[in-house]
Ligand SMILES: [Zn+2]
Ligand SMILES: [Zn+2]
């Protein structure tokens, strides 16, 4: 039976993915500093084995044959995702992938070096090379998938979202935010004029912060028997569903940013931990995509962790671990601080979407050829001044050289961040409709109803449906900006 | 060129071995408790890929063809080790290996359960099954290698050692120890009557003990940029040469046993760290075998760490980290404590070889059929009373159920421990002949000459020669018991 062959292949691929995931997490946390070269060699060889096994020509025959077999509904769905994975992995010729990998690696290395030096001119030719290849890639993926070129790129990260569907939603959000950011800033200024920000500074031992983080992770539902918290330079969520590795970094002078980061990664981790175990070796059993993943992390960070009700429960826990006593009036202005800036990853939840929309607009034009890399600094600066009133014309390092995504060839990825934020708000609203007392629960540190809703509507679905389908089934309506803008108005508005 | 095919195969196998080694070390140190099942699945699948790739039938053709190619001397030696690995891995039929794996796993599981219950009768049938299979295995390996059955088993762990060669050496040592153990005990009793043992008890924070261990590791030559120290239930040396993972476990009431364990694993680690890097993907580049490996760990633990001169340098370091001040007169009676006991892994360096010789004698008879498992408790007890004056007749859990080796099917492994102890003493003597002031160096914490000798004579040789050949080249004579017995007489004698 051909489906059985796919099933067996799934087990082999899962083992290699397990090794790659743990080796990757280990590299960032526990590896000896001199172990990198051999680790890179080993991971490249394992990734090569995975790619060869996942793209073997006979798989096309197995898929085709399996489509003629009598399969359960579950197997049929699994088969659809086997096909999706196979098509996405095989639609580019090997020769092209090798050329592209070389160009991306070279551009990323240059980026690491030249961003620090604010050297746009030196970086430009490498970025132009990557963009030329991404245009070729988009055309080939479009052909294979029957999608528009930019949609075909997005499809890798976020199955089912189409520019034609998300553009109106993001446009509406942009229009809202261009008016709302000044409003939120005015509200904040007025409040801070009355009650100045009380600093949260102090000396917080790393071990204490770690214990606090672990206590919050456990409380919101992270399964500590199937995951752990470590330290790394860049926080991430990695590992495997049976052993999810999340990381943070600590400053001894400040605890809030690390703690919010821990909650964010906890959201990613809970998605992985609660995927259906019986499908773990099938593409069907994987998390749906980057937007859905980000909706899960942002849900825990923003809908829970930055929710005022959360701090009713959290403040005593913070005091217990850090030995300092703050009121909600002390801490919420920090938790909700709005500060327009140049850097996306440092942005608050009000201004963050404008960073993403800027990139979404520019990268569509880069892929279509309407915009060329040489014109990026001006285009970026124009939008930045328009959306946030800030200029990057003299600091390309904080403009188009800011992120690793483009040098790394990841076009079509950026929308996921803000789609995730809107999805999280819409999920919260659907949950609140079903459990009107959810804020009371949160204020008492009771997250069971929240977890049940998320397990039933998101996690258990894995890749059964496309991202928009899962959203519509979970919330009863198509993704829209209304819940997110309401959320912002309630939290930051006049 | 066929040699090139073997070379490329070596790179693939190295990547899988890298993954298995890091996943194995991770499992014992950083894995979440619930991650074991999926980890076992992944590792079994990766081990299966490794085995299939390493035993593919076409490799036999490549080896044969390569033997007709014009190769450098280095390539010829590499080819010899490719053949040795291939022969050792393919001389058992797959059907047999599967049957044996099942029997071993079942017997190991039973052992874990029944040893705690002292239930020999319940354990016996499983052990009989394993022994029946090991007799079959020995016959097949003997046939393939042209060796005697027991030698063919030893060959897996310790290439080149033959029972006919090591038996006289171990017999001489046994004769010596049967007289020497009582002498050493009398000397110790007399000394302790004069100066009672001063307890080293106190409260030693784990972090302090860890820092002390790291300081000693670095001082004796462990490269901390290519390895690390963690905690695990059973101490081990794992990982890969570019990133060697050693572990220990701590008691807060006592520091010496953990510290000696760290030095032991440091010895294993330094061998791995200093293997020739250009051969890392060939069997030739691997450590020679278990006896040689144990000689390296025992060298650091016994020749260095339990050397009185070592404590001239080490005591101030201990004081600096643990804040307590002892004299050599306080600490050496602990470092050199002799105490006959039932348990091999707890034994001191004087009585340890008798535990090994007992097993070496019994397992030869088990393999040949002269002895059957049913008669083991009596046979074990008789030797235990003869060698150490202790009885295990009522406690099989501390007799033939003591070790995991036999339930796990590892016959021919035990001699490595004591061969390693003798090899370490003989290496030290050869080094001392070349550097008569080596004890002065050690007393000053200078280990350069020691490290240089070991690198040149042992580590850089990897698997270029058999174990006895490496020893003879390094020390100028065949392995013999004289250096080890001198070492014991000097340290423990009247
Ligand atoms: Zn995230
Ligand atoms: Zn050892």
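Protein chains in written order, with my numbering: chain A, 260 to 753; chain B, 260 to 753. Yeah, the Cβ is synthetic: ideal placement off N, Cα and C, and Gly gets one too. The structure displayed is predicted, hence computed values, not measured ones.
Between the beta-carbon of residue 733(A) and that of residue 689(A) there is about 6 Å, and that keeps the pair under the 8 Å contact cut. For residue 480(A), there is no enclosing beta strand (DSSP E), as DSSP gives it neither H nor E.
The criterion of a C-beta distance shorter than 9 Å is satisfied by residue 622(A) and residue 671(A). For residue 291(B), the chain A residues whose Cβ falls inside 9 Å of its Cβ are 482, 483, 484, 485, 486, 487, 498, 501, 502, 503 and 504, in order along the chain. Within 10 angstroms of the beta-carbon of residue 557(A) lie 16 or more other beta-carbons, which makes it buried. According to DSSP, residue 513(B) shares a beta bridge with 510(B).
The beta carbons of residue 366(A) and residue 666(A) sit about 4 Å from each other, so the pair counts as a contact at 8 Å.
Residue 559(A) sits in a helix when the DSSP states are folded into three classes. Distance between residue 404(A) and residue 397(A), taken at the CA atoms: about 10 Å. At a cut-off of 8 Å, the beta-carbon of residue 531(B) does not count as near ligand 2: no heavy atom of the ligand is closer than that. As computed with DSSP, residue 496(A) is found in a beta bridge with 505(A). In the three-state reduction of the DSSP assignment, residue 584(B) falls in the coil class, being assigned neither a helical nor a strand state.
With respect to residue 321(A), residue 383(A) sits apart: the two C-beta atoms are not nearer than 9 Å. Distance from the CA of residue 385(B) to the CA of residue 392(B), rounded to the nearest whole angstrom, comes to 11 Å. For residue 367(A), the Cβ stays outside the 8 Å cut-off from all heavy atoms of ligand 1. Contacts between residue 285(B) and chain A, judged by CB atoms closer than 8 Å, involve 281, 285 and 289 in chain order. Shown here for residue 308(A): same chain residues with a beta carbon closer than 8 Å to its own, the five before and five after excluded, namely 275 in chain order.
Rounded to whole angstroms, the Cβ separation of residue 520(B) and residue 599(B) is 21 Å, and the two are not in contact under 8 Å.
In the structure shown, residue 539(B) adopts coil according to DSSP, grouped into three states. Under a criterion of Cβ atoms nearer than 9 Å, the residues of chain B adjacent to residue 274(A) are, in order, 300, 301, 302, 303, 304, 305, 307 and 308.
Contact check between the stretch 414-422 of chain B and the stretch 715-732 of chain B: three or more CB pairs, one atom from each, fall below 8 Å, which counts as touching. Interface annotation, residue 539(A): in contact with chain B, CB-CB separation under 9 Å. With a 10 Å radius around the Cβ and a threshold of 16 neighbouring Cβ atoms, residue 492(B) comes out exposed. Residues of chain B with a Cβ closer than 7 Å to the Cβ of residue 492(A) do not exist; the shortest Cβ-Cβ separation is about 17 Å. Taken through DSSP and simplified to helix, strand or coil, residue 609(B) comes out as coil.
The C-beta distance from residue 595(A) to residue 416(A) rounds to 29 Å, too long to fall under 8 Å, and the pair is not in contact. Under the three-pair Cβ rule at 8 Å, the stretch 344-351 of chain A does not count as touching the stretch 280-294 of chain A.
Shortest gap from the CB of residue 556(B) to any heavy atom of ligand 2: under 8 Å.
With a beta-carbon spacing of about 4 Å, residue 261(A) and residue 325(A) fall inside the 8 Å limit used to define contacts.
A buried status is given to residue 285(B), since no fewer than 16 other beta-carbon atoms sit within 10 Å of its beta-carbon. In its chain, beyond the 5 residues on either side, 302 have a beta carbon closer than 6 Å to the beta carbon of residue 282(B). Using a Cβ-Cβ cut-off of 8 Å, residue 264(B) is close to nothing in chain A; its nearest Cβ partner there is about 16 Å away. By alpha-carbon distance to residue 510(B), the top candidate from 645(B), 459(B) and 495(B) is 459(B). Pairwise C-beta distances place the stretch 697-706 of chain A in contact with the stretch 569-584 of chain A, as three or more of them are shorter than 8 Å. Residue 534(B) places its beta carbon 9 Å or farther from that of residue 341(B).
Judged by DSSP in its simplified three-state form, residue 594(B) adopts helix.
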